[in-house]
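Chains as they are written, first to last, in the working numbering: chain S, 1 to 448; chain R, 1 to 448; chain D, 1 to 448; chain F, 1 to 448.
Every residue gets a Cβ at the ideal spot worked out from N, C-alpha and C, and that includes glycine.
Quantities reported herein were computed from a predicted structural model and do not represent experimental measurements.
The structure appears below as structure tokens.
Number of protein chains: 4
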Amino acid sequence: MTERFALDLARAMSTMLANDGQVVVGSDYRTTSAELRATVLGGLLGGGVDVVDAGIVPTPVLAFGVRAVGANAGIMVTASHNPPEDNGVKCYSHEGREYIPEEEQILEQFIAWRKFTDVTWDRMGTQIVAPDFVDEYAQLILRRVGSLRRKLKVVVDCANGTTYNLTPLILSKLGCEVISVNAHPDGRFPGRPAEPSPENLVTACNFVRSLKADLGIAHDGDGDRLAVIDEKGRYVNNDTVLAFFARLLLAENGPGRIITSVDTSSRIYVVARSSGGKVERTRLGKTHAVLDEENRKSIRLCCEPWKIIDPTWGFWGDAVYAACRLVQSLGQTKGPVSSLFRGIPENPQKRFFFRCPDESKDIVMAKVSQELTRQKDVNEVWTFDGVRVNFHDESWILVRKSGTEGKIRIYCEGRTPRRLKQLISKSSSLVTSAIKSAHKSNVRPTQN
Amino acid sequence: MTERFALDLARAMSTMLANDGQVVVGSDYRTTSAELRATVLGGLLGGGVDVVDAGIVPTPVLAFGVRAVGANAGIMVTASHNPPEDNGVKCYSHEGREYIPEEEQILEQFIAWRKFTDVTWDRMGTQIVAPDFVDEYAQLILRRVGSLRRKLKVVVDCANGTTYNLTPLILSKLGCEVISVNAHPDGRFPGRPAEPSPENLVTACNFVRSLKADLGIAHDGDGDRLAVIDEKGRYVNNDTVLAFFARLLLAENGPGRIITSVDTSSRIYVVARSSGGKVERTRLGKTHAVLDEENRKSIRLCCEPWKIIDPTWGFWGDAVYAACRLVQSLGQTKGPVSSLFRGIPENPQKRFFFRCPDESKDIVMAKVSQELTRQKDVNEVWTFDGVRVNFHDESWILVRKSGTEGKIRIYCEGRTPRRLKQLISKSSSLVTSAIKSAHKSNVRPTQN
Amino acid sequence: MTERFALDLARAMSTMLANDGQVVVGSDYRTTSAELRATVLGGLLGGGVDVVDAGIVPTPVLAFGVRAVGANAGIMVTASHNPPEDNGVKCYSHEGREYIPEEEQILEQFIAWRKFTDVTWDRMGTQIVAPDFVDEYAQLILRRVGSLRRKLKVVVDCANGTTYNLTPLILSKLGCEVISVNAHPDGRFPGRPAEPSPENLVTACNFVRSLKADLGIAHDGDGDRLAVIDEKGRYVNNDTVLAFFARLLLAENGPGRIITSVDTSSRIYVVARSSGGKVERTRLGKTHAVLDEENRKSIRLCCEPWKIIDPTWGFWGDAVYAACRLVQSLGQTKGPVSSLFRGIPENPQKRFFFRCPDESKDIVMAKVSQELTRQKDVNEVWTFDGVRVNFHDESWILVRKSGTEGKIRIYCEGRTPRRLKQLISKSSSLVTSAIKSAHKSNVRPTQN
Amino acid sequence: MTERFALDLARAMSTMLANDGQVVVGSDYRTTSAELRATVLGGLLGGGVDVVDAGIVPTPVLAFGVRAVGANAGIMVTASHNPPEDNGVKCYSHEGREYIPEEEQILEQFIAWRKFTDVTWDRMGTQIVAPDFVDEYAQLILRRVGSLRRKLKVVVDCANGTTYNLTPLILSKLGCEVISVNAHPDGRFPGRPAEPSPENLVTACNFVRSLKADLGIAHDGDGDRLAVIDEKGRYVNNDTVLAFFARLLLAENGPGRIITSVDTSSRIYVVARSSGGKVERTRLGKTHAVLDEENRKSIRLCCEPWKIIDPTWGFWGDAVYAACRLVQSLGQTKGPVSSLFRGIPENPQKRFFFRCPDESKDIVMAKVSQELTRQKDVNEVWTFDGVRVNFHDESWILVRKSGTEGKIRIYCEGRTPRRLKQLISKSSSLVTSAIKSAHKSNVRPTQN
């Protein structure tokens with residue numbers, strides 16, 4: 001993302017807001033975030049919009065801040081869990097909900113056509129001192145969660161990101177004994193890559209084990225993602241964490257809808273079924289899009305890997321809040337953190353990919369799609385985001401083309417390890433042969 | 001000035017500084033200054049340059065700040081004394097000297113060719129908290145000027161600009177009784193136009209008179225211009241103020257050179273002659289350009305209307321410092337402020353203009369130039385910025401084309417009112433006939 | 001007020017709040033305010049209370065801020081309109097109402113007995129970044145008042161106090177042409193004494209006249225007092241301004257109660273009578289004390305000289321809001337500002353005093369009280385704050401002992417100038433003879 | 001330390017500075033530091049001294065800041081490495097040198113006698129915005145140390161203190177791969193006690209080992225103490241670290257004096273001997289006291305356990321600077337960090353104590369002193385801070401009474417483990433019998 005684009009985006013946002021109102025602007029610690037935040041700020045002021053500069057904050061705090069001050073929108077400069085050289089923006093509605101595709105399209109069209117409305121010199125926006133969003137946010141969580149019934153020892157890995165002065169402190173105030181790792185802010189992510197994947201949390205897992213901590217909490221660089229490490233130092237499967245929150249929120253708020261992305265496990269059905277939940281699927285990265293005024297009352301949870309939206313708390317993915325809720329639940333039991341996940345089936349999973357040139361992706365997907373749906377024992381087929389076939393035994397295969405890289409991605413989950421092996425073998429051969437036939441060339445399958 | 005230009009300028013500056021080092025950025029209170037300052041800041045950070053954001057400060061404080069922190073350059077967003085809808089930038093060298101034409105050309109060429117060097121994500125600039133430049137600056141003046149020997153009552157008119165929290169306070173601390181007018185900051189300049197011209201200071205003059213103050217001090221919007229009102233509420237001629245400073249600084253620092261712009265009075269020769277000064281002329285707005293390392297020791301003053309550079313203090317035009325020096329001088333005498341200007345000839349002046357289309361300006365100037373130099377009694381002719389003829393009796397005529405408007409400007413000063421009338425009549429007829437012959441059209445002479 | 005007292009006060013406040021909750025702290029520009037604000041802040045934090053440091057703000061903005069953030073209390077370091085060497089504090093309830101005598105007594109007793117509850121090291125308060133109260137406050141007024149129907153030229157005299165960046169700007173935004181005087185902040189009050197009394201506004205009055213402004217607005221140092229200058233440069237009597245607001249608010253909000261202090265004119269009855277208002281009197285400085293939850297609905301205005309509380313806006317004296325409402329009213333008429341006061345009787349007044357040693361005050365007051373009530377034509381006698389006798393013709397005399405100086409103060413208002421003269425003479429002789437008989441000594445009556 | 005004391009201290013400092021000049025004030029993150037810093041600030045302003053509020057900074061940065069802005073003194077609110085419930089202040093001279101006993105006595109006497117000079121209301125101090133000391137400090141180190149010749153993997157344990165945003169970042173910028181632990185700021189020290197003793201760094205040591213890091217760096221809560229962990233995860237003896245710096249600085253700056261406290265190892269002699277150094281001893285906590293203008297040129301290092309003063313860098317204990325120098329040295333070698341300490345004898349040590357009532361301490365010390373000096377093979381006896389006997393074989397015993405607790409402390413170092421055992425046994429029996437004879441009571445020796 002260039003500064004010119006940041007300027008255009010700010011102008012597009014100003015135009016969309018009719019050159020009036022207020023926008024909260026924040027960023028993460030990336031080395032390119034300060035320049036982009038300053039440029040966005042300049043563009044908004046020049047577009048006649050007042051700006052509340054929230055500075056460097058976790059993404060959920062930015063979304064919270066938009067709602068807290070009654071602003072018209074929010075802009076967060078961040079590339080979330082991506083490498084330090086990347087950057088981008090997330091836009092938020094006045095309620096703190098990330099922009100839905102329709103809203104993003106309006107911005108994109110303004111930018112594409114450069115149709116920005118200008119304002120005269122005497123109608124420029126003014127910069128407004130931001131209130132202490134981090135403190136307000138923390139107070140609100142503390143009031144909601146209360147204090148723990150028992151002392152828990154927690155390792156918190158902040159990925160050298162914006163949660164460094166929030167998650168460890170708030171867990172301390174809830175009554176935890178906190179040991180932090182990678183908690184000095186540094187946009188170069190020196191301690192580990194920002195994505196809280198199992199590979200990146202090996203150190204944190206070891207740390208939980210050697211300290212005999214009750215659990216570990218890990219974030220990405222901007223605090224919208226949560227990974228959990230159990231009392232034995234084992235990484236808890238993302239989908240299992242989501243299923244835990246589905247069960248928790250259905251129990252708290254009564255039967256309702258669970259919105260989850262196309263790539264999550266079938267285990268969420270098992271949980272939902274027994275708790276009065278109805279699972280609905282969306283495209284990846286769009287679970288928030290259903291949160292309109294009509295729907296939101298019936299929705300108990302929107303979730304995708306590492307991201308949790310509890311609509312009774314806010315319409316944004318919030319890993320700090322989720323961490324506090326998990327710890328609160330643990331405090332109410334006597335067992336270890338792994339006992340919270342009891343009853344959630346741990347069907348084995350695998351994610352991998354094959355390289356495929358961009359120009360062949362669509363042919364490959366068409367071919368694979370056709371073949372997959374012909375498999376036996378297929379219960380259901382989804383085609384709104386790649387193709388996913390669900391088998392009668394809760395096993396499934398998802399094949400998607402990558403939006404940013406030359407890859408076809410495959411996700412498999414099997415009822416048993418053996419079944420998983422079968423699915424991997426089947427899907428691999430379907431995809432590789434489709435790529436081959438598309439290219440008449442020798443494709444070296446690479447697994448990740 | 002657009003935000004895109006501000007971004008380009010910042011990138012040009014970064015490129016010029018080899019994507020390294022530190023720049024101090026400031027602005028005045030104009031409604032468009034906040035957006036431009038933010039965009040400049042973003043552009044510099046993105047160009048790999050560290051930024052000290054000085055916020056809203058008087059222009060002399062920005063220049064002082066560059067020198068104080070040892071930065072590599074400074075950028076001030078301001079349109080100085082111009083109307084509130086205008087805006088622009090001034091760039092400063094590491095010594096606080098405004099950029100000279102050669103430096104400006106380098107920036108302009110980078111911008112024209114869009115030849116900006118980029119830096120990688122891990123070499124972005126960082127934003128540095130600015131020290132309290134206003135306080136440091138005030139302390140330094142106070143140490144230099146000391147306290148007054150007698151109490152003076154001063155009216156200060158801040159033009160609703162950036163000097164509001166500096167000039168009145170510093171004069172108070174020197175021991176003055178200060179009454180301020182137009183001293184709340186407002187970039188719309190509600191109290192009066194920002195230029196401290198006699199027309200715009202009628203109210204301030206009345207105020208000095210009715211309060212029986214000892215003097216009045218008026219600034220433009222960003223504090224690089226000084227106008228003086230005497231104890232009777234009369235506006236003191238700009239050139240007389242310059243002559244006063246020439247005399248003061250020659251007396252203090254010994255014989256030396258006085259650099260002044262093409263459009264100032266001959267009275268400065270009278271003063272210089274008796275104080276060991278040698279007057280040199282430069283183009284308008286470029287008196288600072290001679291302040292290189294070799295020259296500066298021999299220079300006692302650079303000045304143009306309302307702007308005063310004392311090289312022993314700093315290489316920038318500084319109306320706050322100048323106001324303090326004037327008040328200090330007054331405190332050392334027993335007479336009224338008008339007595340400070342004794343011995344400076346008050347030859348009458350007039351400035352006016354005729355409208356002339358841009359495309360005819362050069363022909364007109366050539367014609368007028370030819371005619372003017374043919375006048376009798378001409379002692380000297382200067383042609384480096386318009387044409388100025390100096391007569392043997394210290395009368396003179398200057399004709400210049402406006403750089404920004406469709407105007408030919410005329411400046412006349414006569415030894416006597418009658419002589420002035422003659423010069424006005426002569427120059428008017430020369431210019432109007434040149435315009436007529438250039439256009440064969442009826443030009444309505446408009447006087448300002 | 002010493003720093004030790006400031007520390008004790010903060011501890012008393014913490015104790016009163018049970019060492020919990022949040023207090024907003026602000027101050028004016030006095031030279032002693034920064035130290036006292038810092039000490040109060042330290043004391044509150046040490047007493048376990050969270051602090052929002054609002055910095056330097058007008059008193060009404062501090063009160064507004066307490067309500068805006070939902071704090072438990074507010075402390076404003078200010079000596080309001082008193083000389084620059086004085087200082088003190090005003091405490092505010094969570095609603096922004098100044099503490100009533102009962103609340104003040106609790107604080108005083110904690111201080112007197114030094115009964116402060118301490119908290120352990122781990123329960124200290126935390127300092128919270130303040131939101132932009134000045135902006136929020138200004139936005140709220142602008143939404144309420146709207147923009148003016150006609151352009152008005154207004155002179156604003158800020159007494160070099162905290163309103164410098166609020167009243168002039170907000171009037172500009174309403175559509176006024178604003179010329180400010182004494183608008184650079186300086187806690188030494190260089191321009192004029194902070195009290196907006198007629199004597200101190202001679203310059204501002206002249207200024208209104210010479211600029212042919214539509215009106216003048218003057219504040220004290222902290223913005224809770226409003227004085228008005230009419231289109232002819234005449235100071236509008238305080239009590240007339242109060243009567244104007246009584247009429248305005250009764251018209252807007254329907255019949256109700258008008259609370260005013262013992263020392264204001266009877267003209268407010270005239271206005272109230274015709275607008276459905278019922279006037280009630282309180283001790284001086286305590287008109288806010290009736291604003292409890294039960295009473296506030298029936299109250300239309302609390303007022304004392306220069307101070308106006310409109311309960312539909314807030315429970316604090318607010319001269320910035322009042323100025324905007326006055327200007328709004330003027331914008332709705334076509335006449336001059338003096339026409340707003342039509343129908344309000346301008347009975348002549350005089351305030352003066354006699355020196356009297358503290359030890360004799362009570363005897364003198366008893367004697368004077370006895371004599372005054374024996375006068376003929378007395379309609380009503382009030383003794384809750386000094387003694388005031390109201391005559392049948394709306395003339396009245398008030399005699400009060402000063403709380404801070406060795407003085408007996410006399411206030412007279414007569415139906416006619418002649419009647420006033422009579423009352424002055426009568427009250428003077430009563431008081432001087434009482435002082436004489438108390439001391440058997442020669443008292444030189446001094447009038448102020 | 002109470003707020004009242006903080007106020008008195010500030011007043012004493014103001015008095016000492018003749019109610020003039022400038023003081024830089026900072027604090028650590030302790031929960032009681034904010035209130036004390038605010039109160040100190042209030043007291044200084046009220047004492048007529050200008051204040052630069054540096055906010056929360058490491059202690060070496062505060063000392064650096066005093067020198068950087070040319071202030072007259074500095075006050076740091078911190079209890080250094082002590083438990084979170086403690087707090088106190090350190091005062092600094094205009095050069096950034098901690099106050100010497102003579103200066104402390106002056107302050108103490110002003111406080112004891114409450115002889116504070118007051119200033120009038122118009123001479124109060126003003127608060128000055130602090131420059132970005134952390135950035136300035138980091139820049140200076142980076143210029144001095146340069147970048148590393150090889151990549152080093154470093155674990156940094158910040159004790160949840162003020163170095164969290166300094167040491168990890170600066171080591172990154174030097175070219176290290178940094179993994180931080182306990183790096184989120186929290187004045188409750190949740191991760192480990194603030195003292196960087198071996199017991200408190202068990203986790204950090206494990207961490208270095210399991211991450212296969214090149215070394216570990218640990219601080220106390222305010223950054224004036226440095227502990228080092230070697231490539232095998234072993235805690236490096238404090239005295240060995242000091243000897244390393246003695247050798248380094250003697251090599252860099254030529255032969256000179258090494259000032260160290262009474263309680264450090266004899267190994268420093270070994271190093272000094274071979275590097276042209278002369279070791280001198282001072283009381284514990286007073287090694288900085290010799291740094292007057294005359295002495296400083298000849299001094300190469302002042303040191304006591306964990307604290308390092310390099311006079312060519314600054315006159316304050318600076319663990320951030322020391323960490324950078326150590327890492328720089330390591331970068332210049334090819335070996336592991338342990339190789340830096342080669343040639344420094346690792347004679348075994350032990351520190352322990354016996355409980356002893358305050359009233360008996362002096363008798364006990366007198367007795368023990370007498371006995372100790374009678375031991376055979378004694379080479380030298382020091383009595384300026386407890387009693388230390390140095391034997392001919394470089395073994396030694398030090399006995400000191402604790403200044404703050406009811407304890408007699410014993411320090412032993414032996415040439416061999418067997419010799420150490422002997423010394424422990426001897427000193428223990430001397431001390432216990434002295435305590436017994438002083439009390440005729442049964443003392444249970446407790447070892448720490």
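Using a Cβ-Cβ distance under 8 Å, would Leu169/F count as near chain S? Taking the first residue of the fourth sequence as 1, we reach residue 169/F at position 169. Judged by the 8 Å Cβ criterion, Leu169/F is in contact with chain S.
Can you give me the Cβ contacts of Cys356/R inside the same chain, cut-off strictly under 7 Å, excluding the 5 residues immediately before and after it? For the purposes of this step, residue 356/R is identified with residue 356 of the second sequence, where counting begins at 1. Around Cys356/R: Val364, Gly406, Lys407, Ile408, Ile435.
Hey, how far is the Cα of Ala38/D from the Cα of Ala138/F? The residue given as residue 38/D occupies position 38 in the third sequence. The residue given as residue 138/F occupies position 138 in the fourth sequence. Approximately 30 Å, taken between the alpha carbons.
Is Val168/S near Asp186/F, with beta carbons less than 8 Å apart? Position 168 of the first sequence, counted from the first residue, corresponds to residue 168/S. Position 186 of the fourth sequence, counted from the first residue, corresponds to residue 186/F. The identity of residue 168/S in the sequence shown is Pro, whereas the question assumes Val. Result yes, Cβ atoms of Pro168/S and Asp186/F sit closer than 8 Å.
Would you list the one or two residues that DSSP bridges to Cys303/D? On the third sequence, position 303 is the one that residue 303/D refers to. Cys303/D is bridged by DSSP to Thr260/D, Ile308/D.
Closest to Gly10/R by C-alpha separation, out of Lys278/R, Glu304/R, Gly221/R, Gly46/R, would be which residue? Walking along the second sequence from the start, residue 10/R turns up at place 10. Contrary to the premise, residue 10/R reads as Ala rather than Gly in this sequence. For Ala10/R, the nearest C-alpha among the options comes from Gly46/R.
Less than 8 Å between CB atoms is the rule here; does Pro193/S satisfy it with respect to chain R? Position 193 of the first sequence, counted from the first residue, corresponds to residue 193/S. False, the Cβ-Cβ gap to chain R never drops below 8 Å.
Give me the chain A residues within the contact set of Cys158/D, using Cβ-Cβ distance strictly less than 9 Å, ordered along the chain. No chain A is part of this structure, whose protein chains are labelled S, R, D and F.
Below 8 Å between beta carbons: does that hold for Ala54/R and Val25/R? Here the question's residue 54/R lines up with position 54 in the second sequence. Here the question's residue 25/R lines up with position 25 in the second sequence. Taking 8 Å as the Cβ cut-off, Ala54/R and Val25/R qualify as a contacting pair.
If you measure between the beta carbons of Lys153/D and Ala73/D, is that distance less than 8 Å? Start at 1 with the first residue of the third sequence, and residue 153/D comes out as number 153. Start at 1 with the first residue of the third sequence, and residue 73/D comes out as number 73. Cβ atoms of Lys153/D and Ala73/D: not closer than 8 Å.
Could you spell out the range, first to last residue, of the beta strand (DSSP E) harbouring Ser456/D? Past the boundaries of the shown model lies residue 456/D; chain D is included only from 1 to 448, so the question cannot be answered.
Same chain, Cβ closer than 8 Å to Arg415/S, five either side skipped, listed in chain order: Taking the first residue of the first sequence as 1, we reach residue 415/S at position 415. Around Arg415/S: Asn347, Asp393, Glu394, Ser395.
Okay, do the region 178-193 of chain R and the region 119-130 of chain R touch, 3+ Cβ pairs below 8 Å being the bar? Result no; under three Cβ-Cβ pairs closer than 8 Å.
Which of the three DSSP states is assigned to Val178/F in this structure? For the purposes of this step, residue 178/F is taken as the residue at position 178 of the fourth sequence. Residue state, collapsed to three classes: strand.
Just how far apart, CA to CA, sit Ser441/S and Ser266/S? Residue mapping note: residue 441/S aligns to position 441 of the first sequence, counting from 1. Residue mapping note: residue 266/S aligns to position 266 of the first sequence, counting from 1. Per-residue confidence for Ser441/S stands at a pLDDT of 49, beneath the threshold of 50, marking its modelled position as unreliable; the derived number appears in the next sentence. Ser441/S and Ser266/S: Cα-Cα distance of roughly 36 Å.
Length of the line joining the Cα atoms of Arg209/F and Met13/R: Locating residue 209/F in the fourth sequence gives position 209, counting from the first residue. Locating residue 13/R in the second sequence gives position 13, counting from the first residue. One alpha carbon belongs to Arg209/F, the other to Met13/R, and they sit about 48 Å apart.
Would you call the CB atoms of Leu242/S and Ile268/S closer than 8 Å? On the first sequence, residue 242/S is found 242 positions in, with the first residue counted as 1. On the first sequence, residue 268/S is found 268 positions in, with the first residue counted as 1. Closer than 8 Å, so yes.
Could you list the residues in the region 117-146 of chain F with a C-beta less than 8 Å from some C-beta on chain R, going in chain order? Taking 8 Å as the Cβ-Cβ cut-off, the region 117-146 of chain F approaches chain R at Thr126, Ile128, Val129, Ala130, Pro131, Asp132, Asp135, given in chain order.
Decide if the region 59-78 of chain S is in contact with the region 312-332 of chain S; the criterion is three or more beta carbon pairs, one per stretch, under 8 Å apart. As far as the Cβ criterion goes, the region 59-78 of chain S touches the region 312-332 of chain S, which means the pair count is three or higher.
Okay, do the region 285-302 of chain F and the region 249-263 of chain F touch, 3+ Cβ pairs below 8 Å being the bar? The region 285-302 of chain F vs the region 249-263 of chain F: in contact.
Per-residue contacts from Thr177/F into chain S (C-beta, under 7 Å): Locating residue 177/F in the fourth sequence gives position 177, counting from the first residue. Reading off the sequence shown, one finds Glu at residue 177/F, where the question assumed Thr. Within chain S, the residues near Glu177/F are Pro190.
Taking just the CA atoms, how far does Leu140/R sit from Asp310/R? Reading the second sequence from its first residue, position 310 is the one you call residue 310/R. Reading the second sequence from its first residue, position 140 is the one you call residue 140/R. Rounded to whole angstroms, the gap between the alpha carbons of Asp310/R and Leu140/R is 15 Å.
Three-way DSSP call (helix, strand, coil) for Leu284/S in this model: On the first sequence, residue 284/S is found 284 positions in, with the first residue counted as 1. In the three-state DSSP reduction, Leu284/S falls in the coil class, being neither helix nor strand.
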